[in-house]
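Here's the structure we're looking at; comments come further down.
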Amino acid sequence: MFLSPLIVFSLIFTGTSLPVESAVVEHELTSATFSDSINDGVWFIEFFSPKCHHCRAFAPTWERLVAYTNTQQNPGISLAKVNCLAQGDLCKEQNIAGYPSLLIYEDGLKTREFTEEREYERLTMFINAHAKTPPPPPPAAPRYSPNPGGDVLSLDFKSFYSAINDGPIFVKFFAPWCGHCKKLAPIWNQFALEMKGRVTVAEVNCDEQKALCKMQGIKGYPTIFFYQHGRTTEFSGGRKLEALKSFADAALAPPLSSVSHLEFEEAVKKQPVVYAVVHDKLSDSIRDLVEEASQPLLGTPPIFSVQTSLDLLSSLGLPSSQPLPVLVCLKDHTTQSFSNIVLSSASTLNEVSNWLIRHSLPSSVELDADNFAKIMGSTSSSPKREPRLAVIAALHPQDVESIHKLQQIAKIWLQKHRTLDGQVVFTWMDRQKWDSWLKSTYGIKASSSPAVVLADHSQLVYYDDSPNGVSINLTYESISATIEAVHNGSLKAKHSENVIERFVRYLNNKARDLGTAVSEHPFRTVFFIGLIIVGIFYVIKRLVDNDFKRYGPTHHNDKGARSD
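Sequence positions in the sequence shown follow mature numbering (1 follows the signal peptide of the UniProt record, and there is no 0) and run -22 to -1, 1 to 542.
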């Protein structure tokens, strides 16, 4: 991915969080994208302020409206928002007097304002009344098959939103001059061919579609997004064909597959983490809840629906009186339940989704380039997420005994600290393959014996000493004591960047914060800039006046000098 020289200089290995998803696809317009967006068709725009109480109260209704239009193949109207706290000049140009203001624009012209009670039913009637009536449907065509030719679809502003609403689609955002994009291009073409008839594969040229890429939050190239069911997920895995295919296979699989007890046990043998909904009769509402909550996982780990039986409950380690349905997590190829949550009408989408994400990693895993972003999480300059502490053991792949020892330590620790599952992850790295990176990042030198560090990638810091001042050993006692010391703040961290890199990162973060402050407070920024200019002008004027008094024509000659 191509990034700014400042970030490239300061970062060697940056990560992002677990797949980031949004509840619905919402368009937020800025001064740079507003005119181009509303110039074509009918738009219903909400002008709001995050500080406005009425806006916050109206937010759920607005999300329902967006979801309503997203489900329609041709709604005849587009919905978008404008944050007047960040886009004050734009809102002033549109004569926005209060929040929220709901306005209709037709082909760039403001035509109507919604002034009734902001109720969902009234609003749907209003937007349906102003939507452009779509043309009569064409004669029945053969059933739609995505990506029929196995080709990469080129998207622009007009075709983008219809494409992501048609079904699952992979979109690559790129720039023609980007070296990483050029390297990915033939792989992307091959990926489109492999996905023929299964999923649409597309691309957006950000040099030509600047407004669209800005609206999608593209900050580097190439960026790959997967759109499905109104959700957006960034693909942060490896850029090789097999990695893309594996991701697509998991993402396109049914979110909840019904299997027998025997089939379920076979799946547990193959997968490091498996979820199961154990039930006597699964209602549609619970099925819908689990399927929607699992979408951020994109099929990994898989979730199965299994009919309950005494044998199944016994193998899971659950009592025969276990309330059903129950969502169970199994790890490390064992049928014993690692964690479970009872599902009911009181279960919420966020509760179930967060539970699934928290338990989605195995007890221990090999850390490499393909899963680094998912395992390690984000840096302080990346989108915020809950910090994760990683136990990293530098091992030789042939050292099977040490790898097995780490797995056992991880299992024992997680059994004793189940509430911290997802916040602490146990990993190992191939010290032969990553020797140079391990040395420069964590100070791990080449050796035949295992080396262990604890790393908080969100802050780019690590710990290589246990509380007693010696190096962390590959033992439960040493690792457990160090984790506890990190959590209670009694252990001093080391930086995985040198002083210059930290200084450059500090400047980069300050520049980003300054840019955010300017965009959020344009009027205040103009005022302070004007104040600085006036101050500079005043100082210059004083200096000029002083020089003029000293060397000007009224200055008296020195004693003895000629006056003629």
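Cβ coordinates follow ideal geometry from the N, Cα and C atoms, glycine included.
- For tyrosine 46, the uninterrupted alpha helix (DSSP H) run begins and ends at 31 to 48, by DSSP.
- With contacts defined by Cβ atoms closer than 8 Å, glutamate 269 and proline 303 do not form a contacting pair.
- Of the candidates Lys389, Ser238, Asp67 and Ile514, the residue whose Cα lies closest to the Cα of histidine 311 is Lys389.
- Nearest C-alpha to methionine 173 among Pro124, Asn48, Cys62 and Ile507: Pro124.
- Nearest to threonine 405 by C-alpha distance, out of Cys191, His435, Gly157 and Ile353, is Ile353.
- In the structure shown, the three-state DSSP call for threonine 460 is helix.
- When the Cα atoms are used, glutamine 51 and serine 132 turn out to be separated by approximately 20 Å.
- Distance check between valine 130 and each of Ile165, Arg42 and Ala463 places Ile165 closest, using alpha-carbon atoms only.
- Look at arginine 409 here: in three-state DSSP terms it is coil, with no helix or strand label.
- The count of Cβ pairs closer than 8 Å, one atom from the stretch 370 to 387 and one from the stretch 236 to 250, stays below three, leaving the stretches out of contact.
- Nearest Cα to glycine 145 within the set Leu290, Lys160, Ala170 and Val177: Val177.
- By DSSP's assignment, leucine 308 forms a beta bridge with Val252.
- Taking C-beta atoms under 8 Å as the contact rule, valine 237 and serine 338 fail to qualify, at a distance of about 19 Å.
- Under DSSP, aspartate 434 forms a beta bridge with Leu367 and Val439.
- Each of Ser15, Thr102 and Ser79 was checked against the Cα of cysteine 30, and the nearest Cα belongs to Ser79.
- A check of alpha carbon separations from leucine 305 across Lys192, Ala271 and Gln437 identifies Ala271 as the nearest.
- Put simply, the backbone Cα of cysteine 33 is about 39 Å away from that of tyrosine 253.
- Per the C-alpha coordinates, the member of Ala231, Tyr139 and Phe135 positioned closest to cysteine 184 is Phe135.
- Taking a cut-off of 8 Å on C-beta distances, the stretch 46 to 64 touches the stretch 17 to 29, as three or more cross pairs fall below it.
- Under a 10 Å Cβ-count criterion, lysine 394 is classified as exposed, with fewer than 16 other Cβ atoms of the shown protein chains found around its own Cβ.
- By the C-beta criterion, the stretch 405 to 424 is judged to be in contact with the stretch 433 to 443, since at least 3 inter-stretch pairs fall below 8 Å.
- For alanine 226, the closest of Val246, Phe204 and Lys383 by C-alpha to C-alpha distance is Phe204.
- DSSP places phenylalanine 282 inside the beta strand (DSSP E), whose first and last residues are 281 to 285.
- In this model, alanine 371 and glycine 216 are separated by some 22 Å (Cα to Cα).
- Restricted to the stretch 50 to 128, the alpha helix (DSSP H) segments that are unbroken, complete and at least 4 residues in length are 66 to 71 and 98 to 108, listed in chain order.
- Annotation: the continuous alpha helix (DSSP H) that includes asparagine 167 extends over 157 to 172.
- Using a Cβ distance threshold of 8 Å, threonine 39 and tyrosine 77 do not count as a contacting pair.
- Asparagine 318 sits buried, since 16 or more C-beta atoms from the chains shown fall within 10 Å of its C-beta.
- Excluding its 5 nearest sequence neighbours in each direction, glycine 400 has C-beta neighbours in its own chain below 6 Å: Arg336, listed in chain order.
- Under the DSSP assignment, glutamine 206 falls in the beta strand (DSSP E) whose first and last residues are 201 to 206.
- Between lysine 309 and the set Pro340, Thr47 and Lys110, the nearest pair of CA atoms involves Pro340.
- When DSSP states are grouped into helix, strand and coil, valine 402 belongs to the strand group.
- Between the alpha carbons of leucine 334 and serine 235 lies a distance of about 16 Å.
- Taking isoleucine 202 as the centre and dropping the five residues before and after it, the same chain places the C-beta of Lys150 and Phe213 closer than 6 Å to its C-beta, in chain order.
- The Cβ atoms of glycine 195 and lysine 110 do not sit closer than 8 Å to each other.
- In the three-state reduction of the DSSP assignment, threonine 11 falls in the coil class, being assigned neither a helical nor a strand state.
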